[in-house]
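Visitor:
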Amino acid sequence: MSAAQRDPSVTGRPEAPLLRGQEGYSDNVTGRKRQARRWELLFIVSTLVGIVALGSLLYNVLDSAYGLVAIDVKVDPASLARGGVALEALPASELATLLREKLKKRDLKTIEKEQPLAARSTEDLLGIVQTKVVGVDVVGTWVLSGSLLRRRAIEAELARTHPNATLTFKSWLRPAFLSSQQSPDPMRSGVRSAILGSLWTILVTIVVALPLGVAAAVYLEEYAAKDRRLTQVIQTNINNLAGVPSIIYGMLGLTIFVRLLEPLTSGAWLTGATSATANGRTILSAGLTLALLVLPLQIINSQEAIRAVPGSLRQASYGLGATRWQTIWAHVLPSALPGVLTGTILSVSRAIGETAPLVVVGASTAIFQDPSGPFSKFTVLPIQIYQWTSRPQAEFRSIAAAAILVLLAMLLSLNAAAVFLRNRTQVRH
Amino acid sequence: MSAAELVGMSGSMPESVGSSDGAADDLILVQDFSFYYGAFRALENLNLTVRDREVTALIGPSGCGKSTFLRAINRMNDTIRGVRYEGDIRVAGQSIYQADTDVADLRQRVGMVFQRPNPFPQSIFDNVAYGPRVLGLAGDKADVSERTRLALSQVGLWEELGDRLDRPALALSPGQQQRLCIARTLATEPRIILMDEPCSALDPVATLAIEGLMRRLAERYCIVVVTHNMQQAARVSDRTGFFWLGRLVEFGPTNDIFTLPQEKLTEDYITGRRG
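Listed in order, the protein sequences are those of chains A and B.
First residue of the first sequence: 1, per the working numbering; consecutive thereafter.
First residue of the second sequence: 1001, per the working numbering; consecutive thereafter.
Below, the structure is given as structure tokens:
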């Protein structure tokens, strides 16, 4: 050890013992480590709480979407076989004839009013035959956990109450669920019109919100003087609008798009419908309302993407004599594109799950036709789910759970698309 | 590349006015120029003339206003809010701080190379072709290609990368990137090239390449370079200006500045006693 290190006048302090166990050694590590450990534990617990919450959500949905179903019949389906062909294998025309023979006039009329028999698919007709003629009756449904754990008890109980009933394991989420229309009968009901309604609405939302949001973001980031009072007021308002409850947007949409702009949003100007029959509760109104709802988010996301474009790119372009617009078009927007797209899909993910504003705007709850365009009446997945969960029958809760799975799948694929697009369009700086 | 080759390519270049001596060659004229960032005075009453076909080096410690002055010549400072100036800068006889000055046009005539190589995240070709395209200089595709080839040849990149122009510019080495940025500027047919510490992010070999390039380019262009490296100023420049706290302390032929500085401050700085 050199003299300089020994000399307290140079080091400013007496020599400290270096190692644990040496005389005069002061422990200042153990306490800090204990504290660090405590924080780490807190973080782990927080993460676990999140995982448990997510897990219970999934469990809850899956539990309802699959399970045992006990079905009783009034008429033996074998007795309905025609010419040696089983009921399940009959063509559409035969099924329609069967329905006309066996059903009461009044019931037939109700069904024809929904959709004429001739226009219905074989599967649909078979479904009607099974409920109305065979008298398929769901006498009991059980959730997935119960079905797996208490199978024997269920079977025993069923044998006692409904000796003729058959017990089958049913997945409520099945191809037919996606492709069939809504129906008052939960066994046959599907989410086809709700999926199409959601897709149409989202399409309108994207078409309106994406260009508007990007354009506003370009103006605020590249043109507007940031130190001006007006710009700051606008910016603050956009940030606040992003947090306004969605039902407020629903009321705005109801006032403006459904009522005030009814001639436009109902499509009366295209189809020539009179004001008496025009109805503003269309996909267009819903899409525009959701576009208003996500516009602040879209602007903020796009602004952040544009702000992340390095200034050196702009400088290089300006330095070559390019105009502001040329710089924005050739360099700022392409570089911001991945961020803008990610932001768009995130705001669309929000819009696709919105329920409250669409209830206010007037989504229909009973729709038996595919939406055909922006001027159709509509329902969307969240509305459908909301409506089914509020029914008393257990089967409706099961198809609501299946519809939730469909909605989750749509959200997941949107997010996957966001990641894919971002990776595809990403440029390195 | 020889000087004859360079002159041979000058078909589309604006010709220099007048003879090689006297006031006719004074391309940039700075008169009583002061510059403010808000209340802070970054430049104080500058007066100097910069000659065509010469390398003019600006030296001085960080924050002394060299870069601010450089960016005042092509009005890049305009992109910063709250700046203000007094006095005037004339380029080729015309004041560039008039109300009707077209800034985009000025920046085409007065090109700029930045401290950190900043190629666009595109192909090598698109980087150079961007200028001719957006400025409307090029007629057709063949013309764009020819201009790109010329610009890349001038910086020696055509020989190195001629067959790989579709590669991303960001995959090049920093030295190549900086030469690409120079080629990108050359493609817009500037008269003056401003370089803001162009070698500070480069290794010594790449630095030498850029310095050699500056000397060659000085045969056809007016070059103003800001540098922290006094050896570099001594090696490449014809004239040197020494900045101190926003003032131009001394300005003259590089040889005189480095061998016979008139001001005590200059002498202290270049000998390392101050800075």
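Yeah, the Cβ is synthetic: ideal placement off N, Cα and C, and Gly gets one too.
Locate the alpha helix (DSSP H) running through N1255 (chain B), then write down its first and last residues.
Guide: Start and end: 1254-1259.
Visitor: Where do the N-terminal and C-terminal ends of the beta strand (DSSP E) with N1229 (chain B) fall, by residue?
Guide: Per DSSP, N1229 (chain B) belongs to no beta strand (DSSP E) and is neither H nor E.
Visitor: Nearest to A330 (chain A) by CA position, among B:F1035, B:R1133, B:V1103, B:S1062, is which residue?
Guide: The residue with the shortest Cα to Cα distance from A330 (chain A) is B:R1133.
Visitor: Quick check on this structure: which residue in A:G135, A:L148, A:G343 has the alpha carbon closest to the alpha carbon of A417 (chain A)?
Guide: Among A:G135, A:L148, A:G343, the Cα nearest to that of A417 (chain A) belongs to A:G343.
Visitor: Among the candidates A:L405, A:N301, A:L313, whose CA atom is the shortest distance from the CA of P338 (chain A)?
Guide: When each option's Cα is compared against that of P338 (chain A), the closest is A:N301.
Visitor: DSSP has I1192 (chain B) in a bridge; who is on the other side?
Guide: Answer by DSSP bridge pairing, in chain order: B:V1110, B:C1222.
Visitor: Spatial neighbours of Y1036 (chain B) within its chain, please: C-beta separation below 6 Å, excluding the five flanking residues on both sides.
Guide: Here the set comprises R1084.
Visitor: If we call anything under 9 Å between Cβ atoms a contact, is A1218 (chain B) one with D1238 (chain B)?
Guide: Against a cut-off of 9 Å, the Cβ pair of D1238 (chain B) and A1218 (chain B) comes out as a contact.
Visitor: Measuring CB to CB, does Q1176 (chain B) end up less than 9 Å from P1198 (chain B)?
Guide: Taking 9 Å as the Cβ cut-off, Q1176 (chain B) and P1198 (chain B) do not qualify as a contacting pair.
Visitor: Just to confirm, are D1032 (chain B) and T1049 (chain B) a CB contact at a threshold of 9 Å?
Guide: Going by C-beta atoms, D1032 (chain B) is not nearer than 9 Å to T1049 (chain B).
Visitor: Are A1042 (chain B) and T1068 (chain B) close, meaning C-beta to C-beta below 9 Å?
Guide: Cβ distance < 9 Å, so A1042 (chain B) and T1068 (chain B) count as in contact.
Visitor: If you reduce the DSSP assignment to three classes, tell me which class Q384 (chain A) lands in.
Guide: If DSSP states are grouped into helix, strand and coil, Q384 (chain A) belongs with the helices.
Visitor: Would the beta-carbon of V136 (chain A) fall within 9 Å of that of E395 (chain A)?
Guide: Cβ atoms of V136 (chain A) and E395 (chain A): not closer than 9 Å.
Visitor: Return the Cβ separation of L108 (chain A) and R100 (chain A) in integer angstroms, given the expectation that the two are a contact with Cβ distance under 8 Å.
Guide: Contact holds; Cβ gap of about 7 Å.
Visitor: With 7 Å as the C-beta to C-beta threshold (strictly closer), list the residues of the segment 294-326 of chain A near chain B in chain order.
Guide: Hits within the stretch, in order: S312, L313, Q315, A316, Y318, G319, L320, G321, A322, T323, Q326.
Visitor: Would you check if the segment 315-334 of chain A and the segment 245-257 of chain A touch, i.e. whether three or more CB-CB distances between them fall below 8 Å?
Guide: Because the criterion of three Cβ pairs below 8 Å is not met, the segment 245-257 of chain A and the segment 315-334 of chain A do not touch.
Visitor: Just to confirm my understanding: we take Q1262 (chain B), look at its own chain, exclude 5 residues before and 5 after, and list those with CB closer than 7 Å. What are they?
Guide: Result list for Q1262 (chain B): E1250, in chain order.
Visitor: Taking C-beta to C-beta, are L405 (chain A) and L173 (chain A) nearer than 9 Å?
Guide: Contact: yes.
Visitor: Examine chain B for any beta-carbon lying closer than 9 Å to the beta-carbon of S145 (chain A), and answer yes or no.
Guide: No, its Cβ sits nowhere closer than 9 Å to a Cβ of chain B.
Visitor: Just how far apart, CA to CA, sit D1268 (chain B) and A1233 (chain B)?
Guide: Approximately 16 Å, taken between the alpha carbons.
Visitor: Work out the CA separation of V45 (chain A) and I111 (chain A) for me, nearest whole Å.
Guide: Distance between the alpha carbons of I111 (chain A) and V45 (chain A) is about 55 Å.
Visitor: Along the segment 330-343 of chain A, what residues have a CB closer than 9 Å to any CB found in chain B?
Guide: Answer in chain order: A330, H331, P334, S335.
Visitor: Do the CB positions of F169 (chain A) and V191 (chain A) come within less than 9 Å of each other?
Guide: No. Outside cutoff.
Visitor: Measure from the C-beta of D1021 (chain B) to each C-beta in chain A and report whether the shortest distance is under 9 Å.
Guide: Low confidence applies here, because D1021 (chain B) scores a pLDDT of 45, under 50, leaving its location unreliable; read the following figure in that light. No, its Cβ sits nowhere closer than 9 Å to a Cβ of chain A.
Visitor: Listed in chain order, which residues of the segment 222-238 of chain A have Cβ atoms closer than 9 Å to some Cβ of chain B?
Guide: Those residues of the segment 222-238 of chain A that come within reach of chain B (Cβ to Cβ, closer than 9 Å) are A225, K226, D227.
Visitor: Do you know offhand how far N279 (chain A)'s Cα is from R391 (chain A)'s?
Guide: Between N279 (chain A) and R391 (chain A), the C-alpha separation is close to 27 Å.
Visitor: Measuring CB to CB, does T1254 (chain B) end up less than 9 Å from L320 (chain A)?
Guide: Cβ atoms of T1254 (chain B) and L320 (chain A): not closer than 9 Å.
Visitor: May I ask you to report which of helix, strand or coil DSSP gives V143 (chain A)?
Guide: It is coil, neither helix nor strand.
Visitor: Looking at the structure shown, is A250 (chain A) part of a helix, part of a strand, or coil, going by DSSP?
Guide: Note that residue 250 (chain A) is Gly in the sequence shown here, rather than Ala. DSSP places G250 (chain A) in helix when its eight states are reduced to three.
Visitor: Quick check on A1129 (chain B) - is its C-beta less than 9 Å from some C-beta in chain A?
Guide: No, A1129 (chain B) does not count as interfacial toward chain A.
Visitor: Given a cut-off of 9 Å, decide if A363 (chain A) and T378 (chain A) are closer than it, judged by their beta-carbon atoms.
Guide: Going by the sequence as given, residue 378 (chain A) is Phe instead of Thr. Yes, the pair counts as a contact, with Cβ atoms nearer than the cut-off.
Visitor: With a threshold of 16 other CB atoms inside 10 Å of the CB of K1066 (chain B), please say whether the residue is buried or exposed.
Guide: Buried is the call here.
Visitor: Given a threshold of 16 other Cβ atoms within 10 Å of its Cβ, counted over all protein chains shown, does T327 (chain A) qualify as buried or as exposed?
Guide: Per the 10 Å Cβ criterion, buried.
Visitor: Rounded to whole angstroms, how far is the Cβ of T414 (chain A) from the Cβ of V348 (chain A), which I believe are closer than 8 Å?
Guide: Reading off the sequence shown, one finds Leu at residue 414 (chain A), where the question assumed Thr. Confirmed, Cβ separation roughly 6 Å.
Visitor: By how many angstroms is the C-alpha of L1150 (chain B) removed from the C-alpha of G1011 (chain B)?
Guide: Caution applies to G1011 (chain B), whose pLDDT of 37 falls short of 50 and renders its modelled position unreliable; the value that the coordinates give is listed next. If I take the Cα positions, the gap works out to 11 Å.
Visitor: I'd like the ranges of any alpha helix (DSSP H) spanning at least 4 consecutive residues and lying wholly in the segment 296-346 of chain A.
Guide: With a minimum length of 4 residues, the continuous alpha helix (DSSP H) runs that stay inside the segment 296-346 of chain A are 311-319, 324-327.
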